[in-house]
Amino acid sequence: MKNPIVKLSTLLILSALVSACGDDGDTGPQGPAGPQGETGVDGTDGQDGADGQDGVNGNSAVYTVQITNLTYAQPFAPAAIVLHESGYHAFAEGEAASMGIEVMAEGGNPAMVIEEAMDSTDFLDAQNSGGILGPKTSSDMFTLVVPELDADDLRLTVTTMLVNTNDAFTGLNAADVSNMSVGDSKTFMTVTWDAGTEANTETAATMPGPAAGAAGGGGEAAGYDPVRDDLADVVRLHTGVTTNANATDPSREGLTTSVLTEGHRFDFPTSRVVITRTR
Amino acid sequence: MKFTKLASATLLSLAAASFSHAVTVDVEITNLTQAQSFTPRLVIAHDDTVDAFEVGQPASTALAWLAEAGVIDDEQNADSSGANFEALLGPVDTDNGSNTWHRFGGLLAPSATLSYPFDTMDKPYLSLLAMLIPTNDAFVGMDSIEIPTEPGTYTYYLNAYDAGTELNDELNSARTDVVEAGTGNALGGYGLPGVAGGGAPTRIVDLGTGGTGVGAQVVNGEVEDGEDGPVHIHRNALGDTDNAGGASDLDSTVHRWLNPVARVVITVPAS
Chain A
1 MKNPIVKLST LLILSALVSA CGDDGDTGPQ GPAGPQGETG VDGTDGQDGA
51 DGQDGVNGNS AVYTVQITNL TYAQPFAPAA IVLHESGYHA FAEGEAASMG
101 IEVMAEGGNP AMVIEEAMDS TDFLDAQNSG GILGPKTSSD MFTLVVPELD
151 ADDLRLTVTT MLVNTNDAFT GLNAADVSNM SVGDSKTFMT VTWDAGTEAN
201 TETAATMPGP AAGAAGGGGE AAGYDPVRDD LADVVRLHTG VTTNANATDP
251 SREGLTTSVL TEGHRFDFPT SRVVITRTR
Chain B
1001 MKFTKLASAT LLSLAAASFS HAVTVDVEIT NLTQAQSFTP RLVIAHDDTV
1051 DAFEVGQPAS TALAWLAEAG VIDDEQNADS SGANFEALLG PVDTDNGSNT
1101 WHRFGGLLAP SATLSYPFDT MDKPYLSLLA MLIPTNDAFV GMDSIEIPTE
1151 PGTYTYYLNA YDAGTELNDE LNSARTDVVE AGTGNALGGY GLPGVAGGGA
1201 PTRIVDLGTG GTGVGAQVVN GEVEDGEDGP VHIHRNALGD TDNAGGASDL
1251 DSTVHRWLNP VARVVITVPA S
């Protein structure tokens, strides 16, 4: 029974030898602090978050309006495009034009037509097309948004001047566009009105368009004039431009003082207006 | 005896039943102008892949043939073969898939009305075109109206368009004192200056001579064959009152019009 004891003691001696090996040198003094390290590089930006989901457009109806100029040589000035409820009229045949209609029809600026519409409780939305629409061409699509609950009683008014005239304008007078479903389109072929606010002299000094410009007039100075000197101060359908054609043939039916030529004549319809409900 | 009656009654009801499935509508066309005749009328029933004309877009060669010369198909004018509406649409009076078309022949005189049966072969849209004579390139157009399906009578008013493929010189094509600039060709119909159809038997007055030109001017006995497109509403003939001079060989008291220039009444028969 000795053997196990010997082995145990050997193990004890070995462990004593191991512990006697360390801890026999002195620990040195602490060294001086090192220099400050360089500034680290900025980290990269985090990733953009994912786009939020589209909101639910539960109470807006969206419409686009496109205008096509059907004339041979009458550019259209910027157009006022207005969506409103029934009851509002920008103008009425047989009645004097508002100042907004006068300014638009004589000089081409539709801003006051839109301002007058905005004063109405029936107003919903409007766009100023902002640019000239050349003859024989189609415009961009203009977008208008109205509350969906008004879609059952909706009217479209458009006014745009024929710039080679004294005070002619075409468009729509409160056209009924109620109850259109998403995807529906309505097409209107428009007549042209005489604003009744300026005599149709067809001279370079009274028309803002390029025909007058080519004759040394035109531009803003030849546009709006507060004097109302037409045959009658009422809006009515236009009879077309007289022009200087046939001014010297035996019929003498032309207007010798006109700077317009037969090319500036127009007939109805003068424009095509297409409204589409997109949402 | 009884058997015979029963048999004929059955035949009648069969005929009635097949009639109710037919898609033949009645197309009545009235010329509303006072002095412009309509050339043979092209009537097309079609789907949305066919567009005979579109405002703001250039005219096809087929439309130029129709608007400058009143030509729709090879039978009318062999020179138009391959470039006319027959080439564009396919054979006449048959189902071409996208369309079926017919030429209602003869001239439709000012103020006249004619009506025709037309099998639409279940196509959804209808277009109708004819040249106004005497003009350079004016045409009356119906632009892809939806063909009504409910029995009834439907009325449409049509406008006059300018194809834009020829300047409106308003010169009498019978004149020999003016030729096409550059080529020396005589005035005439397709591809040439000059008003076509001045001598039509349905004319109200004879055309004048000696005009110096309206939309294009005569210079040294020549006039150019220019273009004034795309397709737009026609600004109307000008004319003048001098039968031997002035600008135009048309008469301003006779040849003018205002839109609409045609009325079309479509009758869908009761089933």
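Same order as they appear, the protein sequences are chains A and B.
For what it's worth, the working numbering labels the leading residue of the first sequence as 1, then goes sequentially.
For what it's worth, the working numbering labels the leading residue of the second sequence as 1001, then goes sequentially.
Just so you know, even glycine gets a beta-carbon here, dropped at the ideal spot from N, CA and C.
Nothing here was measured: the structure is a model prediction, and the numbers come from that model.
Please classify residue i: is it buried, with 16 or more other beta-carbons within 10 angstroms of its beta-carbon, or exposed?
i	result
B:ALA1017	Model confidence at B:ALA1017 stands at a pLDDT of 39, short of 50, so the residue's coordinates are unreliable and nothing is read from them.
B:GLN1076	buried
A:ASP125	buried
B:TYR1219	Sequence check: residue 1219 of chain B is Val here, not Tyr. When all chains shown are included, B:VAL1219 counts as exposed.
B:ALA1112	exposed
A:GLY130	exposed
A:GLN47	exposed
A:MET118	exposed
A:PRO78	buried
B:SER1081	exposed
A:MET207	buried
B:ALA1022	Caution applies to B:ALA1022, whose pLDDT of 49 falls short of 50 and renders its modelled position unreliable; the model cannot decide the point.
A:ASN59	exposed
B:ASP1073	buried
A:MET104	buried
A:ALA212	buried
B:PRO1110	buried
A:MET141	exposed
With distances taken Cα to Cα, identify the nearest neighbour of residue i among the options.
i	options	result
A:MET180	A:ARG277, A:ASN69, A:THR190	A:ARG277
B:ALA1062	B:ASP1048, B:ALA1087, B:ALA1078, B:GLU1075	B:ALA1087
A:ARG228	A:PRO208, A:GLY216, A:GLY196	A:GLY196
A:VAL191	A:VAL235, A:ALA247, A:ASP249	A:VAL235
A:ASN166	A:LEU172, A:TRP193, A:THR137	A:TRP193
A:VAL274	A:THR206, A:LYS186, A:HIS89	A:LYS186
B:GLY1097	B:ASN1136, B:THR1049, B:TRP1065	B:THR1049
A:ASN109	A:ALA168, A:ARG272, A:GLY34	A:ALA168
A:VAL145	A:ALA205, A:LEU83, A:SER138	A:LEU83
B:ALA1163	B:GLY1184, B:LEU1132, B:ASP1093	B:LEU1132
A:THR248	A:THR261, A:LEU237, A:GLU102	A:THR261
B:ASN1031	B:LEU1258, B:PRO1269, B:ALA1270, B:THR1267	B:LEU1258
B:ASP1225	B:GLY1211, B:ASP1051, B:HIS1046, B:LEU1187	B:LEU1187
B:LEU1128	B:PHE1104, B:TYR1190, B:ASN1243, B:GLY1184	B:PHE1104
B:PHE1139	B:ALA1078, B:SER1115, B:TRP1065, B:GLU1028	B:TRP1065
B:TYR1071	B:ASP1095, B:PRO1040, B:ASN1099	Residue 1071 of chain B is actually Val in this sequence, not Tyr. Nearest of B:ASP1095, B:PRO1040, B:ASN1099 to B:VAL1071, Cα basis: B:PRO1040.
B:LEU1089	B:ILE1145, B:VAL1043, B:GLY1246	B:VAL1043
B:ALA1130	B:SER1271, B:VAL1264, B:ASP1026	B:VAL1264
B:GLY1182	B:ASN1243, B:HIS1232, B:VAL1027, B:GLU1222	B:GLU1222
Quick check on residue i - is its C-beta less than 7 Å from some C-beta in chain A?
i	result
B:VAL1214	yes
B:ASN1259	yes
B:HIS1021	With a pLDDT of only 43 at B:HIS1021, under 50, the local geometry of the prediction cannot be trusted, and no value is derived from it.
B:GLY1198	no
Any beta carbon of chain B sitting closer than 7 Å to that of residue i?
i	result
A:SER251	yes
A:ASN246	yes
A:GLU262	yes
At a cut-off of 6 Å, would you count residue i as near the ligand MG, judging by its Cβ distance to the nearest heavy atom?
i	result
A:TYR224	By its list of ligands, the structure shown contains no ligand whatsoever, and the ligand MG lies outside what it can speak to.
> What residues in the stretch 130-151 of chain A have a beta carbon less than 9 Å from any beta carbon of chain B?
Replying inline: PRO135, LYS136, THR137, SER138
> Mind listing which residues of the stretch 266-278 of chain A have their C-beta closer than 8 Å to chain B's C-betas, in chain order?
Replying inline: PHE266, ASP267, PHE268, PRO269, THR270, ARG272
>> Please identify, using Cβ separations under 9 Å, the residues of the stretch 1220-1251 of chain B that lie next to chain A, in order along the chain.
In response: ASP1228, GLY1229, PRO1230, VAL1231, HIS1232, ILE1233, HIS1234, ARG1235, ASN1236, LEU1238, GLY1239, ASP1240, THR1241, ASP1242, GLY1245, GLY1246, ALA1247, SER1248
> Got a sec: which bits of the stretch 180-197 of chain A sit with their beta carbon under 9 Å from any beta carbon on chain B, in order along the chain?
Replying inline: MET189
> For the stretch 64-82 of chain A, which residues have a CB atom closer than 7 Å to at least one CB atom of chain B, in sequence order?
Replying inline: THR68, LEU70, THR71, TYR72
> Along the stretch 1048-1063 of chain B, what residues have a CB closer than 8 Å to any CB found in chain A?
Replying inline: VAL1055, GLY1056
>> Can you pull out the residues from the stretch 1144-1162 of chain B whose beta carbon lies closer than 8 Å to at least one beta carbon of chain A?
In response: ASN1159, ALA1160, ASP1162
> Taking the runs of the alpha helix (DSSP H) that are 4 residues or longer, which of them lie wholly in the stretch 1077-1161 of chain B?
Replying inline: 1085-1089
>> So within the stretch 189-258 of chain A, which uninterrupted beta strand (DSSP E) runs reach at least 3 residues, ignoring any that extend past its ends?
In response: 192-194
> Residue ranges of each alpha helix (DSSP H) run of no fewer than 4 residues wholly in the stretch 1189-1244 of chain B, ordered along the chain?
Replying inline: none
>> Could you tell me which whole beta strand (DSSP E) segments of length 3 or greater appear in the stretch 76-129 of chain A?
In response: 80-84, 123-128
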